[in-house]
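Heads up: the structure comes next, in structure tokens.
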Amino acid sequence: MSDEASELLELTRALRAHAEWQRATGVMALPRATRADLDARGGPPPEFEPGARGAAARRSDPSPARAAPAPSRAAPGSSHDAPAPSRAAPGSSHVAPAPSRAVAPESYAAEALEQVRAAATRGESMPPDLVSVAPPRVVLPVAERSAALSSLQAEVAACEACGLHATRTQTVFARGQGTVGVCFVGEGPGADEDAQGLPFVGKAGQLLDKMIGAMGLDRDEVYIANIVKCRPPKNRKPEVDEMSACVGYLRRQLDLVQPEVIVALGATAVQGLLGTSQGITRMRGNWKLYEGRIAVMPTFHPAYLLRSPAAKREVWEDLKAVLRHLGRPVPGAKTT
37 MSDEASELLE LTRALRAHAE WQRATGVMAL PRATRADLDA RGGPPPEFEP GARGAAARRS
97 DPSPARAAPA PSRAAPGSSH DAPAPSRAAP GSSHVAPAPS RAVAPESYAA EALEQVRAAA
157 TRGESMPPDL VSVAPPRVVL PVAERSAALS SLQAEVAACE ACGLHATRTQ TVFARGQGTV
217 GVCFVGEGPG ADEDAQGLPF VGKAGQLLDK MIGAMGLDRD EVYIANIVKC RPPKNRKPEV
277 DEMSACVGYL RRQLDLVQPE VIVALGATAV QGLLGTSQGI TRMRGNWKLY EGRIAVMPTF
337 HPAYLLRSPA AKREVWEDLK AVLRHLGRPV PGAKTT
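The working numbering runs 36 ahead of the 1-based position in the sequence shown.
Okay, structure coming up:
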């Protein structure tokens with residue numbers, strides 16, 4: 037059996053074990069991501085004071101870190117290797133049905149993986165061990181990517197697809213290189229961004245830079261963009277038609293930059309990326325998948341943190357989860 041088939045079979049067994057647990061407990065959902073990795077409270081303070089820039093180089097393996105599957109509680113006397121019921125209970129369609137003995141393990145594993153990705157595409161929460169089914173990052177050569185992004189930026193600058201173009205000073209495309217595999221996505225430009233042509237340069241942007249520094253990253257190493265490229269009048273929330281007209285540009289940016297993780301800043305960013313109307317308070321801290329291929333961590337927008345400083349601690353937990361998913365050390369965390 038190939039390494040890939042073995043890996044898929046391991047995922048399948050974890051899903052089957054969880055199906056047994058569902059049958060025994062009546063709970064119809066994937067388990068919430070384990071927070072054992074969030075128990076360590078070391079590292080930069082929640083105020084996101086700038087940390088040391090330029091953390092240690094990334095590990096040689098470019099694929100996302102794969103967390104061990106969360107432990108499952110099977111029904112008394114049951115075995116994790118026993119086949120699950122042939123039909124999943126209502127509300128648990130993302131758990132693949134058990135195969136007959138005539139089905140090859142590799143075929144069933146591949147089917148289970150496809151169902152997991154389909155669930156992710158629907159915006160369902162994914163624990164880190166299931167988020168890691170996202171394919172490895174494939175980055176274009178620097179010159180080719182730079183040329184493609186420049187061409188796209190020129191296209192955005194001339195865009196008149198929605199009414200926002202009539203009141204803008206200029207479009208706001210992106211900043212940063214995205215070399216570390218992290219992309220921050222916000223809502224849209226404000227007054228400072230509209231004036232300078234760069235995202236996140238006002239007070240919220242200054243706080244975002246501190247957040248990035250606390251992660252041990254440099255602001256130029258990450259990629260930062262917005263759902264809409266023009267400032268909505270009076271900084272109002274972008275309307276649905278405005279987001280629909282503009283989000284295709286962001287999709288093309290992500291296709292070119294190919295981040296391993298997208299940090300979605302606020303409810304509008306999550307809505308634009310995942311097409312969900314759920315509130316950010318419920319969604320933050322729960323892994324998602326963008327188009328079944330890029331891990332997404334929803335968290336609060338820096339502008340919200342300026343109004344509610346107590347929420348900085350929750351955001352820091354989210355950012356630590358991002359670092360661990362990337363296989364990067366958490367600055368200041370205690371090691372054993």
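Note that the Cβ used here is the ideal one computed from N, Cα and C, for glycine as well.
Whole-angstrom distance between Gly-199 and Glu-278, CA atom to CA atom: As a position in the sequence shown, residue 278 is number 242, starting the count at 1. As a position in the sequence shown, residue 199 is number 163, starting the count at 1. Cα-Cα distance, rounded: 8 Å.
With a CB to CB cut of under 7 Å and the five nearest residues on each side skipped, what residues in its chain are close to Pro-295? Residue 295 sits at position 259 when you count from the first residue of the sequence shown. Same-chain partners within the cutoff: Gly-214, Gly-217, Val-218, Cys-219, Tyr-259, Ile-330.
By Cβ distance, which residues of its chain are closer than 6 Å to Thr-203, with the 5 residues on each side in sequence left out? In the sequence shown, counting from the first residue as 1, residue 203 sits at position 167. The residues are Pro-269.
Exposed or buried, Pro-177, counting other C-beta atoms within 10 Å across all chains shown (16 or more means buried)? Numbered from 1 along the sequence shown, position 141 holds the residue referred to as residue 177. The residue is exposed, with fewer than 16 neighbouring Cβ atoms inside 10 Å.
Would Ala-347 pass as a contact of Leu-355 if the rule is Cβ separation under 8 Å? Walking along the sequence shown from the start, residue 347 turns up at place 311. Walking along the sequence shown from the start, residue 355 turns up at place 319. Taking 8 Å as the Cβ cut-off, Ala-347 and Leu-355 do not qualify as a contacting pair.
Residue range of the alpha helix (DSSP H) that Thr-317 falls in? Position 281 of the sequence shown, counting from 1, holds the residue named residue 317. It spans 316-319 - the alpha helix (DSSP H) in which Thr-317 sits, taken as one unbroken run.
Applying the 10 Å Cβ sphere with the 16-neighbour rule, what's the burial state of Pro-345? As a working mapping, residue 345 is identified with position 309 in the sequence shown. It is exposed - the Cβ of Pro-345 has fewer than 16 other Cβ atoms within 10 Å.
Would Thr-312 and Lys-265 qualify as a contact pair, given that the criterion is a beta-carbon distance under 8 Å? Walking along the sequence shown from the start, residue 312 turns up at place 276. Walking along the sequence shown from the start, residue 265 turns up at place 229. No, Cβ-Cβ distance for Thr-312 and Lys-265 is not below 8 Å.
Which value, in whole angstroms, describes the spacing of the CA atoms of Ala-281 and Met-247? One-based indexing of the sequence shown puts residue 281 at position 245. One-based indexing of the sequence shown puts residue 247 at position 211. Using only the alpha carbons, I get a separation of about 30 Å.
Bounding residues of the alpha helix (DSSP H) (the contiguous stretch that carries Gly-241): Taking the sequence shown and counting its residues from 1, one reaches residue 241 at position 205. Gly-241 -> alpha helix (DSSP H) spans 239-250.
For Val-299, tell me which candidate among Arg-267, Pro-338, Asn-271 has the shortest Cα-Cα distance. Position 263 of the sequence shown, counted from the start, is the residue given in the question as residue 299. That would be Pro-338, whose Cα lies nearest to the Cα of Val-299.
Could you check if Lys-239 is buried or exposed, using at least 16 other CB atoms within 10 Å of its CB as the buried criterion? Counted from its first residue, the sequence shown places residue 239 at position 203. Classification for Lys-239: exposed.
With DSSP as the reference, label Pro-295 as helix, strand or coil. To locate residue 295, count along the sequence shown from 1; it is residue 259. Coil.
To the nearest angstrom, how far is the alpha carbon of Ser-114 from that of Ala-184? By one-based count along the sequence shown, residue 114 stands at place 78. By one-based count along the sequence shown, residue 184 stands at place 148. Residue placement at Ser-114 cannot be trusted, given a pLDDT of 37 that sits under 50; the coordinates are not used to answer.
Need the endpoints of the beta strand (DSSP E) that Ala-331 sits in, please. By one-based count along the sequence shown, residue 331 stands at place 295. Note, Ala-331: beta strand (DSSP E), 330-335.
Phe-209 and Gln-189 look like a contact to me (Cβ under 8 Å); what is the Cβ gap, rounded to whole Å? For the purposes of this step, residue 209 is taken as residue 173 along the sequence shown, with counting starting at 1. For the purposes of this step, residue 189 is taken as residue 153 along the sequence shown, with counting starting at 1. Yes, Phe-209 and Gln-189 are in contact; Cβ-Cβ is about 5 Å, under 8 Å.
Three-state class that DSSP yields for Val-3 in the structure shown: Residue 3 cannot be examined here, being either before or after the span of the chain that is shown, 37 to 372.
When you compare only the Cα positions, how much space is there between Val-237 and Pro-334? Along the sequence shown, one-based indexing puts residue 237 at 201. Along the sequence shown, one-based indexing puts residue 334 at 298. Computed Cα separation, rounded: 21 Å.
Cβ pair Glu-327, Ile-263 closer than 8 Å: If you number the sequence shown from 1, residue 327 lands on position 291. If you number the sequence shown from 1, residue 263 lands on position 227. Not closer than 8 Å, so no.
Can you pull the DSSP bridge partners for Tyr-326? Numbered from its first residue, the sequence shown carries residue 326 at position 290. BP columns for Tyr-326 point to Ile-330.
Ala-101 (DSSP reduced to helix, strand or coil): Position 65 of the sequence shown, counted from the start, is the residue given in the question as residue 101. Note that Ala-101 scores 42 on pLDDT, short of 50, meaning its location in the model is unreliable; the coordinates nonetheless yield the value given after this. In this structure, Ala-101 counts as coil in the three-state DSSP scheme.
Assuming the contact rule is C-beta atoms closer than 8 Å, Ala-304 and Lys-273 should be a hit. Round their C-beta distance to whole Å, please. Position 268 of the sequence shown holds residue 304. Position 237 of the sequence shown holds residue 273. It is Thr, not Ala, that sits at residue 304 in the sequence shown. About 6 Å separates the two Cβ atoms, so the contact holds.
Terminal residues of the continuous alpha helix (DSSP H) containing Gly-308? Residue mapping note: residue 308 aligns to position 272 of the sequence shown, counting from 1. It spans 303-310 - the alpha helix (DSSP H) in which Gly-308 sits, taken as one unbroken run.
Looking at Gly-226: is its Cβ nearer than 8 Å to the Cβ of Arg-267? Along the sequence shown, read from residue 1 onward, the residue named residue 226 stands at position 190. Along the sequence shown, read from residue 1 onward, the residue named residue 267 stands at position 231. Closer than 8 Å, so yes.
Determine the extent of the beta strand (DSSP E) in which Ala-194 is found, giving its start and end residues. Looking up residue 194 in the sequence shown gives position 158. Note, Ala-194: premise wrong, no beta strand (DSSP E); not H, not E.
Quick one: residues in its chain with C-beta nearer than 6 Å to the C-beta of Val-332, no 5 flanking neighbours on either side, listed in chain order? The residue you call residue 332 lines up with position 296 of the sequence shown. Cβ neighbours of Val-332 beyond the five flanking positions: Ile-298, Ala-300, Lys-324, Tyr-326.
On the DSSP bridge assignment, give the partners of Ile-260 in chain order. Start at 1 with the first residue of the sequence shown, and residue 260 comes out as number 224. Arg-211, Phe-220.
Please state if the CB of Asp-230 and the CB of Thr-205 are separated by a distance shorter than 8 Å. Walking along the sequence shown from the start, residue 205 turns up at place 169. Walking along the sequence shown from the start, residue 230 turns up at place 194. Cβ atoms of Thr-205 and Asp-230: closer than 8 Å.
Just the Cα atoms here: how many angstroms apart are Ala-369 and Val-351? Numbered from its first residue, the sequence shown carries residue 369 at position 333. Numbered from its first residue, the sequence shown carries residue 351 at position 315. Whole-angstrom Cα-Cα distance: 16 Å.
Residues near Ala-179 by beta carbon distance below 7 Å, same chain, minus five either side: Looking up residue 179 in the sequence shown gives position 143. Closer than 7 Å at the Cβ level, and outside the excluded window around Ala-179, lies no residue.
Could you name the residues that DSSP lists as bridge partners for Ala-300? As a working mapping, residue 300 is identified with position 264 in the sequence shown. Val-221, Pro-334, per the DSSP bridge assignment.
Whole angstroms are fine: how far does the CA of Ser-187 sit from the CA of Gln-289? In the sequence shown, the residue the question calls residue 289 occupies position 253. In the sequence shown, the residue the question calls residue 187 occupies position 151. Those two C-alpha atoms are separated by around 11 Å.
Going by DSSP, what residue range makes up the alpha helix (DSSP H) through Arg-364? Translated into the one-based positions of the sequence shown, residue 364 becomes position 328. Here Arg-364 belongs to no alpha helix (DSSP H), and DSSP marks it neither H nor E.
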